[in-house]
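Protein sequences, first through last, are from chains A and B.
Counting in our numbering, the first sequence runs from 93 upward without gaps.
Counting in our numbering, the second sequence runs from 93 upward without gaps.
Working notes for the structure below.
Protein chains: 2
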Amino acid sequence: MTGDQPTELPLAGMRVLEVSSFVAAPLGGMTLAQLGAEVIRVDPLGGAPDHSRWPLAPSGTSLYWAGLNKGKKSITVDLRSAEGQRLVTRLVAESGPDGGIVLTNAVGRRWLEYGELVRHRPDLVHVQVEGHHDGTPAVDYTVNAAVGFPMVTGPEGHADPVNHVLPAWDIACGLYASLGILSADRRRRITGQGQRMSVALYDVALAMAGNLGFLAEAQVNRVVRKRLGNYLYGGFARDFATRDGGRVMVCALTRRHWADLLDATGLAEVVGALERSLGADFSTEDDRFEYREVLAGLLNRWFARHDLAEVRAALAGTSLLWSVYNTFSDLVADDLIASNPMIQVIDQPGVGSHLAPGIPLAFGVGARAPVARAPVLGEHTEEVLAATLGFSDAELAELVERGVVGPAPAERTAV
Amino acid sequence: MTGDQPTELPLAGMRVLEVSSFVAAPLGGMTLAQLGAEVIRVDPLGGAPDHSRWPLAPSGTSLYWAGLNKGKKSITVDLRSAEGQRLVTRLVAESGPDGGIVLTNAVGRRWLEYGELVRHRPDLVHVQVEGHHDGTPAVDYTVNAAVGFPMVTGPEGHADPVNHVLPAWDIACGLYASLGILSADRRRRITGQGQRMSVALYDVALAMAGNLGFLAEAQVNRVVRKRLGNYLYGGFARDFATRDGGRVMVCALTRRHWADLLDATGLAEVVGALERSLGADFSTEDDRFEYREVLAGLLNRWFARHDLAEVRAALAGTSLLWSVYNTFSDLVADDLIASNPMIQVIDQPGVGSHLAPGIPLAFGVGARAPVARAPVLGEHTEEVLAATLGFSDAELAELVERGVVGPAPAERTAV
Numbered sequence: 093m094t095g096d097q098p099t100e101l102p103l104a105g106m107r108v109l110e111v112s113s114f115v116a117a118p119l120g121g122m123t124l125a126q127l128g129a130e131v132i133r134v135d136p137l138g139g140a141p142d143h144s145r146w147p148l149a150p151s152g153t154s155l156y157w158a159g160l161n162k163g164k165k166s167i168t169v170d171l172r173s174a175e176g177q178r179l180v181t182r183l184v185a186e187s188g189p190d191g192g193i194v195l196t197n198a199v200g201r202r203w204l205e206y207g208e209l210v211r212h213r214p215d216l217v218h219v220q221v222e223g224h225h226d227g228t229p230a231v232d233y234t235v236n237a238a239v240g241f242p243m244v245t246g247p248e249g250h251a252d253p254v255n256h257v258l259p260a261w262d263i264a265c266g267l268y269a270s271l272g273i274l275s276a277d278r279r280r281r282i283t284g285q286g287q288r289m290s291v292a293l294y295d296v297a298l299a300m301a302g303n304l305g306f307l308a309e310a311q312v313n314r315v316v317r318k319r320l321g322n323y324l325y326g327g328f329a330r331d332f333a334t335r336d337g338g339r340v341m342v343c344a345l346t347r348r349h350w351a352d353l354l355d356a357t358g359l360a361e362v363v364g365a366l367e368r369s370l371g372a373d374f375s376t377e378d379d380r381f382e383y384r385e386v387l388a389g390l391l392n393r394w395f396a397r398h399d400l401a402e403v404r405a406a407l408a409g410t411s412l413l414w415s416v417y418n419t420f421s422d423l424v425a426d427d428l429i430a431s432n433p434m435i436q437v438i439d440q441p442g443v444g445s446h447l448a449p450g451i452p453l454a455f456g457v458g459a460r461a462p463v464a465r466a467p468v469l470g471e472h473t474e475e476v477l478a479a480t481l482g483f484s485d486a487e488l489a490e491l492v493e494r495g496v497v498g499p500a501p502a503e504r505t506a507v
Numbered sequence: 093m094t095g096d097q098p099t100e101l102p103l104a105g106m107r108v109l110e111v112s113s114f115v116a117a118p119l120g121g122m123t124l125a126q127l128g129a130e131v132i133r134v135d136p137l138g139g140a141p142d143h144s145r146w147p148l149a150p151s152g153t154s155l156y157w158a159g160l161n162k163g164k165k166s167i168t169v170d171l172r173s174a175e176g177q178r179l180v181t182r183l184v185a186e187s188g189p190d191g192g193i194v195l196t197n198a199v200g201r202r203w204l205e206y207g208e209l210v211r212h213r214p215d216l217v218h219v220q221v222e223g224h225h226d227g228t229p230a231v232d233y234t235v236n237a238a239v240g241f242p243m244v245t246g247p248e249g250h251a252d253p254v255n256h257v258l259p260a261w262d263i264a265c266g267l268y269a270s271l272g273i274l275s276a277d278r279r280r281r282i283t284g285q286g287q288r289m290s291v292a293l294y295d296v297a298l299a300m301a302g303n304l305g306f307l308a309e310a311q312v313n314r315v316v317r318k319r320l321g322n323y324l325y326g327g328f329a330r331d332f333a334t335r336d337g338g339r340v341m342v343c344a345l346t347r348r349h350w351a352d353l354l355d356a357t358g359l360a361e362v363v364g365a366l367e368r369s370l371g372a373d374f375s376t377e378d379d380r381f382e383y384r385e386v387l388a389g390l391l392n393r394w395f396a397r398h399d400l401a402e403v404r405a406a407l408a409g410t411s412l413l414w415s416v417y418n419t420f421s422d423l424v425a426d427d428l429i430a431s432n433p434m435i436q437v438i439d440q441p442g443v444g445s446h447l448a449p450g451i452p453l454a455f456g457v458g459a460r461a462p463v464a465r466a467p468v469l470g471e472h473t474e475e476v477l478a479a480t481l482g483f484s485d486a487e488l489a490e491l492v493e494r495g496v497v498g499p500a501p502a503e504r505t506a507v
């Protein structure tokens, strides 16, 4: 995979060893691979628990695993054996000046911790993804419940917590992990010193609750935020249903947006009269939020009288921020997706040809790296061990024979 | 702020100029500041639109702005004047070898684009945050509607889209922006060449829908994913209400989790009989997901017969992943938050002393950088112009007098 990438990608030369599972750490490693690093994901023989995670293609191949491991190399090693552990340790130690970088969410594997590996690689950069900062486990679903967002998400008046479906904390945690590696790499490049870092999923969620003002609002204002359904807090934005069953999200965040929305819907006069009689100023976000239900009620009537095509026509060309709600099926049927320069057709073993995204970071105008597929589990075991540690074919065959490393995928299929 | 940070932070020395608003770009800049960079946020006189964004403290100070701009320097400049634009351009050009880095989500400001600034700083690193890859605007709420998650989020059977409250796309986009800067900085350090990058909010969302398998599921399997409420897709996890009105999220992701859950709830025998009569194997995630409603129905009865304290006692010490649902108010009242090493008390002008998070990345054992407060708008205008461009007090006073740059905050209050 990596060999296909143009050498001008920003992380060209960097070598990262990843021992991971599920979303956060694999996404962190994939991000580095998409930026040009050689990322070697090490899995136990047969794969980590995420290797069979839903959704699955009809072949049984995990679409989830394929999506989160694009562009990596994959090797399989018996991680419970001392010999397998020594092999992985050597891959860290002997990976050249731009190597010696480990990303992992494994816990309870002492040989894989910073304190052990640094004995073999003094300038080691080691980023540990964990559940809580004390090392106890957590997953996106438990962290999300713990930090408050399910209590303010969902339809107004709904009594129970509403979990997100997007594993947002895993995503942010994985990106922080890759930021940790890049920042530690910078420091190592300047000072020669490696370092350990860690990032806890729970801390990511708690930090964001703080960064966005939710914690301060509860502390300083002693306000218990309520569910607002699809309204935006502190401004005017909401979803509206069209006559023909379409649905659009409409955001009037600025004075100009609001004026354009009133123009497009022909409500300027009615809203103006309302504004004067209430003594309100709907050119301010505060008053648009205060009277959101009244304003939405008026707008609702306009949307309910128009088909989606009419709504599109009326809102096109205005300054308004708006979007139709799509399903995932709508998205893949949409020419706009296929024509997005980030999206390319890849051929993934077990899945076949399908549209897949590269990294959303674009490097310069029009220059996109090819989207690399995910490896097949164990695809690069022999290649990596030969290239990095100099094993001969005979030595590799013997390691496979003894079960210290996994066989190449084709061999396994044949067995 | 930055002067207070220990020089061993990994990005010490890096200088970033940020012209931004709202969440994504400010979070990207704050992340770099939290990693040790000097980040100068440049705002128009009086502040950008996010400066008054809700939630507000009783003083009117935005808790949102304060939360997303911690650890930065703030300068205010008349960005519409040619002279103000020249000043900002000089701050980019003359910021030393580790400077020349721009992060912005401003659009339609030609003088601030890569193509203009690079004429003054040949090794410029420039990261543009945008709505869509073609430069058209979008916000988290419209992007979220567009990419499918609101159609699968929310209570089972709920007909309408459910927006998230967490601006997850803004968060991921901001972290990608900071990754762009760090990766381009690495390449510049090696090759001497700067580069432009861009990251579109919509592309971030679309990429994640792809990375997580949602797009492939729709393309390859032609499956339209349904709402599952608070169930986890493809495994067994759900929320349960306790007798006394508590609520817990419980995840049995592995065989051991499941066995522990049955032990803790005394359901092993009943579930075993059910398993045999159905011909199911609840030690597999597939079957736990397939029969999730039956299993949850049985578990529901156990949780409904126990108070939260009893549930805590029963689940403590098991391998299960579980959490109580908290409100934001619960969180700030919780000793665990105050004792989290990432959280510190900061004194924010207009807000007062409150608990605020640092970056969730921990550097080594126990070494946390002090959590820096946000600047007051324009707090560092004179300091930055004097230090970087060598302006004298008289020259600075004259610039303030003519309105090219904003006055120091105390002076403005006095006016």
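Built from N, CA and C at the ideal position, the CB exists for glycine as well.
Extent of the continuous alpha helix (DSSP H) to which residue i belongs
{"i": "A/Ser369", "result": "Ala360 to Leu370"}
{"i": "B/Gly498", "result": "From DSSP, B/Gly498 is part of no alpha helix (DSSP H); its letter is neither H nor E."}
{"i": "B/Ile429", "result": "Asp427 to Ala430"}
{"i": "A/Gly120", "result": "Ala116 to Gln126"}
{"i": "B/Leu171", "result": "Counting along the chain, B/Leu171 falls outside any alpha helix (DSSP H), and DSSP gives it neither H nor E."}
{"i": "B/Ala486", "result": "Asp485 to Glu493"}
{"i": "B/Leu391", "result": "Arg384 to Ala396"}
{"i": "A/Ala230", "result": "That residue, A/Ala230, is in no alpha helix (DSSP H); it is neither H nor E in DSSP."}
Neighbouring residues, chain A, relative to residue i (Cβ below 8 Å)
{"i": "B/Leu274", "result": "Leu271, Leu274, Ser275 and Arg278"}
{"i": "B/Gly121", "result": "The contacting residues do not exist; B/Gly121 stays about 12 Å from chain A at best."}
heavy atom of the ligand NAP below 7 Å from residue i C-beta
{"i": "A/Gly326", "result": "Looking for the ligand NAP in the displayed structure turns up nothing, as the structure carries no ligands at all."}
The beta strand (DSSP E) enclosing residue i, as first and last residue numbers
{"i": "A/Arg460", "result": "Premise fails: A/Arg460 is in no beta strand (DSSP E) and is neither H nor E."}
{"i": "A/Pro136", "result": "Glu130 to Pro136"}
{"i": "B/Glu471", "result": "Neither: B/Glu471 is in no beta strand (DSSP E) and is coded neither H nor E."}
{"i": "B/Leu109", "result": "Arg107 to Val111"}
{"i": "A/Ala158", "result": "Where A/Ala158 is concerned, there is no enclosing beta strand (DSSP E), although the alpha helix (DSSP H) it sits in stretches over Leu155 to Leu160."}
{"i": "B/Leu521", "result": "Since the first residue of chain B shown is 93 and the last is 507, residue 521 of chain B is not available in this structure."}
Contacts around residue i, its chain only, beta-carbon distance under 7 Å, and the 5 residues preceding and following it disregarded
{"i": "B/Pro501", "result": "Val468, Leu469, Gly470 and Glu471"}
{"i": "A/Thr140", "result": "The sequence given here places Ala at residue 140 of chain A; Thr does not occur at that position. Correct list, in chain order: Ser113."}
{"i": "B/Leu423", "result": "Ile429"}
{"i": "B/Thr410", "result": "Asp352 and Ala356"}
{"i": "B/Asp336", "result": "Asp399 and Leu400"}
Contact set for residue i: own chain, Cβ-Cβ below 8 Å, skip 5 residues either direction
{"i": "A/Val363", "result": "Leu354, Phe374, Leu387 and Leu390"}
{"i": "B/Gly176", "result": "Val169, Asp170, Val496 and Val497"}
{"i": "B/Arg504", "result": "At B/Arg504, the pLDDT of 47 sits below 50, so the modelled position is not reliable; the number obtained from the coordinates is stated separately. Gly470 and Gly498."}
Within chain A, partners of residue i - CB distance below 7 Å
{"i": "B/Ser325", "result": "The sequence as given places Tyr at residue 325 of chain B; Ser does not occur at that position. Trp146, listed in chain order."}
{"i": "B/Phe241", "result": "Val257 and Leu258"}
{"i": "B/Arg317", "result": "Phe420"}
Chain B contact residues for residue i, given Cβ-Cβ distances below 7 Å
{"i": "A/Ile438", "result": "None at all; the shortest Cβ gap to chain B is about 10 Å."}
Residues of its chain near residue i, where Cβ-Cβ distance is below 6 Å and the 5 sequence neighbours each way are ignored
{"i": "B/Pro253", "result": "Pro242 and Met243"}
{"i": "A/Val457", "result": "With a pLDDT of only 48 at A/Val457, under 50, the local geometry of the prediction cannot be trusted, and the value read off the model is given with reservation. Once the five neighbours on either side are set aside, A/Val457 has no close Cβ partner at all."}
{"i": "B/Gly105", "result": "Asp190"}
Listed by chain order, chain B residues near residue i by CB distance under 8 Å
{"i": "A/Gly525", "result": "Past the boundaries of the shown model lies residue 525 of chain A; chain A is included only from 93 to 507, so the question cannot be answered."}
{"i": "A/Gly389", "result": "Simply none; closest approach about 16 Å."}
Beta-carbon neighbours of residue i, restricted to chain B and to distances below 9 Å
{"i": "A/Trp350", "result": "The contacting residues do not exist; A/Trp350 stays about 13 Å from chain B at best."}
{"i": "A/Asn71", "result": "Nothing can be reported for residue 71 of chain A: it is not among the residues displayed for chain A, which extend from 93 to 507."}
Contact set between residue i and chain A, taken where Cβ atoms lie within less than 9 Å
{"i": "B/Thr245", "result": "Thr245, Gly246, Val254, Asn255, His256, Val257 and Leu258"}
Original post:
At what residue ranges does the segment 284 to 348 of chain B contain a whole run of the beta strand (DSSP E), taking only runs of 3 or more?
Top reply: Those beta strand (DSSP E) runs which fall completely within the segment 284 to 348 of chain B and span 3+ residues are 287 to 292, 328 to 333 and 339 to 344.
Original post:
Are there three or more Cβ pairs, one per stretch, closer than 8 Å when the segment 306 to 315 of chain B is compared with the segment 154 to 167 of chain A?
Top reply: Touching, yes, given that three or more Cβ pairs across the two stretches are closer than 8 Å.
**OP:** Indicate whether the contact test is met: 3 or more Cβ pairs, each with one atom in the segment 278 to 288 of chain B and one in the segment 213 to 220 of chain B, closer than 8 Å.
**Re:** Under the three-pair Cβ rule at 8 Å, the segment 278 to 288 of chain B counts as touching the segment 213 to 220 of chain B.
Original post:
Do the segment 168 to 186 of chain A and the segment 142 to 151 of chain A meet, that is, are 3 or more Cβ pairs less than 8 Å apart?
Top reply: The answer is no - the segment 142 to 151 of chain A does not touch the segment 168 to 186 of chain A, with fewer than three Cβ pairs under 8 Å.
Subject >> Validate contact between the segment 258 to 277 of chain B and the segment 254 to 271 of chain A using beta carbons, cut 8 Å, 3 pairs >> reply: Yes, the segment 258 to 277 of chain B touches the segment 254 to 271 of chain A.
**OP:** Mind listing, in chain order, the continuous alpha helix (DSSP H) runs of no fewer than 4 residues lying wholly within the segment 164 to 217 of chain B?
**Re:** Counting only runs of 4 or more, we get 174 to 185 and 206 to 209.
Subject >> Inside the segment 406 to 450 of chain A only - beta strand (DSSP E) runs reaching at least 3 residues >> reply: List check, beta strand (DSSP E) in window: 413 to 416, 435 to 440 and 444 to 449.
Original post:
Does the segment 271 to 282 of chain B come within contact of the segment 255 to 263 of chain B, defined as at least 3 CB pairs closer than 8 Å?
Top reply: Per the Cβ contact rule, the segment 271 to 282 of chain B is not in contact with the segment 255 to 263 of chain B (fewer than 3 Cβ pairs under 8 Å).
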